[in-house]
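Asker: Numbered according to numbering that gives the first Met the number 0, the sequence shown spans residues 0 to 399. No residue lacks a Cβ here, since even glycine has one placed at the ideal position from N, Cα and C. This is the structure I want to talk about, given as structure tokens.
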Amino acid sequence: MEMKETEIEKVVRQVLQSMMSDQEQERNQRDFNIPKISRVAMLTGVEHYEIQEYPIPQLGEEDILVKVEGCGICGTDAHEFKGDPFGLIPVVLGHEGTGEIVKMGRRVKADSAGKPLHVGDKVVSCMIFKDNPDITMFDLNKQNVGGADVYGLLPDDSIHLNGWFADYIVLRKGSTVFNVSDLDLYSRILIEPCAVLVHAVERGKTTGILKFNSRVVVQGCGPIGLICIAVLRTMGIEHIVAVDGEQKRLDFAKEMGAERAVNFKDFHGTEELSEGLKAAFDGKLADFGFQCTGSPIAHGNIYKFIRNGGGLCELGFFINGGDAKINPHFDICAKEITIVGSWVYTLRDYATTFDFLKRAKGIGLPLEKLITHTFPLERINEGHRTNLAMEGLKIAIVNM
Ligand SMILES: [Zn+2]
Numbered sequence: 000m001e002m003k004e005t006e007i008e009k010v011v012r013q014v015l016q017s018m019m020s021d022q023e024q025e026r027n028q029r030d031f032n033i034p035k036i037s038r039v040a041m042l043t044g045v046e047h048y049e050i051q052e053y054p055i056p057q058l059g060e061e062d063i064l065v066k067v068e069g070c071g072i073c074g075t076d077a078h079e080f081k082g083d084p085f086g087l088i089p090v091v092l093g094h095e096g097t098g099e100i101v102k103m104g105r106r107v108k109a110d111s112a113g114k115p116l117h118v119g120d121k122v123v124s125c126m127i128f129k130d131n132p133d134i135t136m137f138d139l140n141k142q143n144v145g146g147a148d149v150y151g152l153l154p155d156d157s158i159h160l161n162g163w164f165a166d167y168i169v170l171r172k173g174s175t176v177f178n179v180s181d182l183d184l185y186s187r188i189l190i191e192p193c194a195v196l197v198h199a200v201e202r203g204k205t206t207g208i209l210k211f212n213s214r215v216v217v218q219g220c221g222p223i224g225l226i227c228i229a230v231l232r233t234m235g236i237e238h239i240v241a242v243d244g245e246q247k248r249l250d251f252a253k254e255m256g257a258e259r260a261v262n263f264k265d266f267h268g269t270e271e272l273s274e275g276l277k278a279a280f281d282g283k284l285a286d287f288g289f290q291c292t293g294s295p296i297a298h299g300n301i302y303k304f305i306r307n308g309g310g311l312c313e314l315g316f317f318i319n320g321g322d323a324k325i326n327p328h329f330d331i332c333a334k335e336i337t338i339v340g341s342w343v344y345t346l347r348d349y350a351t352t353f354d355f356l357k358r359a360k361g362i363g364l365p366l367e368k369l370i371t372h373t374f375p376l377e378r379i380n381e382g383h384r385t386n387l388a389m390e391g392l393k394i395a396i397v398n399m
């Protein structure tokens with residue numbers, strides 16, 4: 000007896016369907032649950048987000064539609080919220096975002112590292128390549144992301160869904176995208192800020208002074224300084240002294256891997272503070288310093304904490320905080336200090352950060368505790384105000 004070809008196809012399809020796992024069936028099902036419109040939080044004026052709705056556009060062959068799960072509020076967002084220094088308004092902000100792929104163009108097969116991509120995978124995005132020939136996937140370290148476009152810092156356009164403070168975002172052709180399904184939501188939200196510190200520590204290492212047995216001072220225990228301590232700790236560095244003026248943050252610095260903590264409010268003047276720091280290093284000055292505050296006074300002070308021939312990485316000044324007073328004779332020449340600056344990250348640092356987060360978790364550093372407050376999208380104005388009030392550490396918009 001012969002089966003007709005169409006019957007064979009039918010049977011094959013039935014067999015395939017029965018082989019499809021529940022998970023896959025659920026994924027296919029989810030495709031039908033994509034709404035026609037998406038909410039975005041549009042910053043329409045200073046200190047004013049408006050929840051607006053836009054149609055979810057047709058995807059191109061290389062586009063990816065992501066359902067946003069969460070996005071951290073960055074210092075950059077805070078500055079933009081407060082006064083639009085980058086002139087982006089109206090804009091959908093949010094660049095520390097992550098979510099789940101709900102639909103993708105026919106030609107999307109793998110992420111920027113070559114890892115397969117499927118509907119249901121959790122992703123983050125880094126820079127958008129556009130037509131800059133200096134950034135190529137074959138030399139991930141070539142250019143700093145500071146010179147590239149990033150979702151959440153693009154002016155509003157005809158697609159609108161181009162920032163992570165939204166229900167959905169369209170990652171367009173030419174974007175970097177990474178499959179980070181093996182990280183939990185809070186870790187994924189922290190990838191972007193952590194990449195800043197992975198980069199800073201890489202910059203520090205270029206001096207040849209920062210080693211696993213170095214004595215390192217980290218000045219400033221906001222999210223940046225705290226993550227800096229964690230990155231150093233995952234490098235195997237044990238002698239880390241944290242400096243800040245708030246005891247709560249100093250206590251947290253110890254949880255993040257600092258051996259000792261110095262509260263600058265316990266000392267009068269830089270000389271005395273420098274002695275306090277020396278005591279914390281059992282009578283020696285630091286080999287290396289990371290300056291993680293935006294305070295010009297703090298920049299001037301940190302030279303006094305570093306030994307002759309030591310090194311310094313300055314990464315605290317994401318905006319112009321004014322001029323700092325230093326003494327070139329005592330602070331730089333006579334000490335022969337090697338100074339490096341650090342600015343955001345390269346694509347390579349971004350990819351390295353995924354493993355940093357796993358290592359940090361593996362040695363028990365409670366990075367997830369950095370996210371102290373979460374707000375749903377419709378309360379984003381409140382979220383930003385909480386951020387400006389410096390009430391917590393990392394504030395995140397979470398859509399789940
Ligand atoms: Zn950021």
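Quick check: does the Cβ of Pro-192 come within less than 7 Å of any heavy atom belonging to ligand 1?
Answerer: Yes, the beta carbon of Pro-192 sits closer than 7 Å to at least one heavy atom of ligand 1.
Asker: Closer than 7 Å: is that where the CB of His-47 sits relative to any heavy atom of ligand 1?
Answerer: No; taking the cut-off as 7 Å, the Cβ of His-47 has no heavy atom of ligand 1 nearer than that.
Asker: For Leu-64, name the three-state secondary structure that DSSP assigns.
Answerer: In this structure, Leu-64 counts as strand in the three-state DSSP scheme.
Asker: What are the boundary residues of the beta strand (DSSP E) that Ile-36 is part of?
Answerer: Segment 36 to 44, the beta strand (DSSP E) holding Ile-36.
Asker: Rounded to whole angstroms, what is the Cα-Cα separation between Ile-63 and Val-149?
Answerer: Using only the alpha carbons, I get a separation of about 15 Å.
Asker: Could you check whether the segment 102 to 110 touches the segment 159 to 166, counting it as contact only if at least three pairs of C-beta atoms, one from each stretch, sit closer than 8 Å?
Answerer: No: fewer than three Cβ pairs fall under 8 Å.
Asker: According to DSSP, what are the bridge partners of Met-126?
Answerer: In DSSP, Met-126 forms a bridge with Val-149.
Asker: At a threshold of 7 Å, does His-94 count as lining ligand 1 (C-beta to nearest heavy atom)?
Answerer: Yes - ligand 1 has a heavy atom lying nearer than 7 Å to the Cβ of His-94.
Asker: What did DSSP end up calling Val-91 once you bin it into helix, strand or coil?
Answerer: If DSSP states are grouped into helix, strand and coil, Val-91 belongs with the strands.
Asker: Using a Cβ distance threshold of 8 Å, determine whether the segment 223 to 230 contacts the segment 332 to 349, with at least three qualifying pairs required.
Answerer: These segments do not touch.
Asker: Give the straight-line distance between the Cα atoms of Phe-304 and Val-217, rounded to the nearest whole angstrom.
Answerer: When rounded, the distance between both Cα atoms is 10 Å.
Asker: Note down the Cα distance separating Phe-353 from Leu-249, rounded to an integer number of angstroms.
Answerer: If I take the Cα positions, the gap works out to 26 Å.
Asker: On the criterion of 16 or more Cβ atoms from any shown chain inside 10 Å, does Val-195 qualify as buried, or is it exposed?
Answerer: By the neighbour-count rule (16 or more Cβ atoms within 10 Å), Val-195 is buried.
Asker: Can you grab the Cα-Cα spacing for the pair Ser-186 / Glu-274, in whole Å?
Answerer: About 37 Å.
Asker: Taking 8 Å as the threshold, find out whether the segment 365 to 375 comes into contact with the segment 250 to 268 through three or more Cβ pairs.
Answerer: The segment 365 to 375, when compared against the segment 250 to 268, does touch it at the 8 Å Cβ threshold.
Asker: Report the three-state DSSP secondary structure of Glu-471 (helix, strand or coil).
Answerer: No statement about residue 471 is possible, as the shown extent of the chain runs from 0 to 399 and does not include it.
Asker: Taking the alpha-carbon positions, what's the Val-90 to Pro-154 distance?
Answerer: When rounded, the distance between both Cα atoms is 5 Å.
Asker: If you reduce the DSSP assignment to three classes, tell me which class Leu-160 lands in.
Answerer: Reduced to three states, the DSSP call for Leu-160 is coil.
Asker: Along the alpha helix (DSSP H) that carries Ser-273, what are the first and last residues, could you check?
Answerer: That run of the alpha helix (DSSP H) goes 268 to 279.
Asker: When you compare the segment 309 to 325 with the segment 285 to 292, are there three or more beta-carbon pairs, one atom per stretch, that lie closer than 8 Å?
Answerer: Contact holds: three or more Cβ-Cβ distances are below 8 Å.
Asker: Can you tell me which of Ala-395, Arg-202 and Lys-81 puts its alpha carbon nearest to the alpha carbon of Val-343?
Answerer: Ranking Ala-395, Arg-202 and Lys-81 by Cα distance to Val-343 puts Arg-202 first.
Asker: For Lys-324, which option in Arg-306, Ala-350, Ala-297 and Arg-214 has the closest C-alpha, if you only look at C-alpha atoms?
Answerer: Nearest of Arg-306, Ala-350, Ala-297 and Arg-214 to Lys-324, Cα basis: Ala-297.
Asker: So what's Leu-249 in DSSP terms, helix, strand or just coil?
Answerer: Note: Leu-249 maps to helix in three-state DSSP.
Asker: With a threshold of 8 Å, are at least 3 pairs of Cβ atoms found where one atom belongs to the segment 202 to 213 and the other to the segment 382 to 389?
Answerer: Judged by Cβ distances under 8 Å, the segment 202 to 213 makes no contact with the segment 382 to 389, as fewer than three pairs qualify.
Asker: For Asn-32, is the classification buried or exposed, using 16 other Cβ atoms within 10 angstroms of its Cβ as the cut-off for buried?
Answerer: With fewer than 16 Cβ atoms within 10 Å of its Cβ, Asn-32 is classed as exposed.
Asker: Ends of the beta strand (DSSP E) at Arg-214?
Answerer: Here the beta strand (DSSP E) through Arg-214 covers 214 to 218.
Asker: Less than 7 Å separating the Cβ of Glu-75 from some heavy atom of ligand 1?
Answerer: Before going on, a small fix: residue 75 reads as Thr here, not Glu. Result yes, Cβ under 7 Å from ligand 1.
Asker: Within 10 angstroms of its Cβ, does Val-45 collect 16 or more other Cβ (buried), or is it exposed?
Answerer: It is exposed - the Cβ of Val-45 has fewer than 16 other Cβ atoms within 10 Å.
Asker: Among Ala-350, Ile-394, Glu-6 and Leu-311, which has the Cα closest to the Cα of Thr-371?
Answerer: Ranking the options by Cα distance to Thr-371, first place goes to Ile-394.
Asker: From Gly-69 to Arg-306, what does the alpha carbon distance come to, in whole angstroms?
Answerer: For Gly-69 and Arg-306, the distance between alpha carbons rounds to 43 Å.
Asker: Please classify Gln-126: is it buried, with 16 or more other beta-carbons within 10 angstroms of its beta-carbon, or exposed?
Answerer: It should be noted that the sequence gives Met, not Gln, for residue 126. Met-126 is buried by the Cβ-count criterion.
Asker: Assign Glu-52 to buried or exposed, taking buried as 16 or more other Cβ atoms, counted over all protein chains shown, within 10 Å of its Cβ.
Answerer: It counts as exposed.
Asker: Which term fits Phe-287, buried or exposed, when burial requires 16 or more other beta carbons within 10 angstroms of its beta carbon?
Answerer: Per the 10 Å Cβ criterion, buried.
Asker: Output the boundary residues of the alpha helix (DSSP H) element that contains Tyr-344.
Answerer: Where Tyr-344 is concerned, there is no enclosing alpha helix (DSSP H), given that its DSSP letter is neither H nor E.
Asker: When you compare only the Cα positions, how much space is there between Met-136 and Ser-111?
Answerer: Reliability of the predicted coordinates at Met-136 is poor, the pLDDT of 43 falling under 50, and no value is obtained from them.
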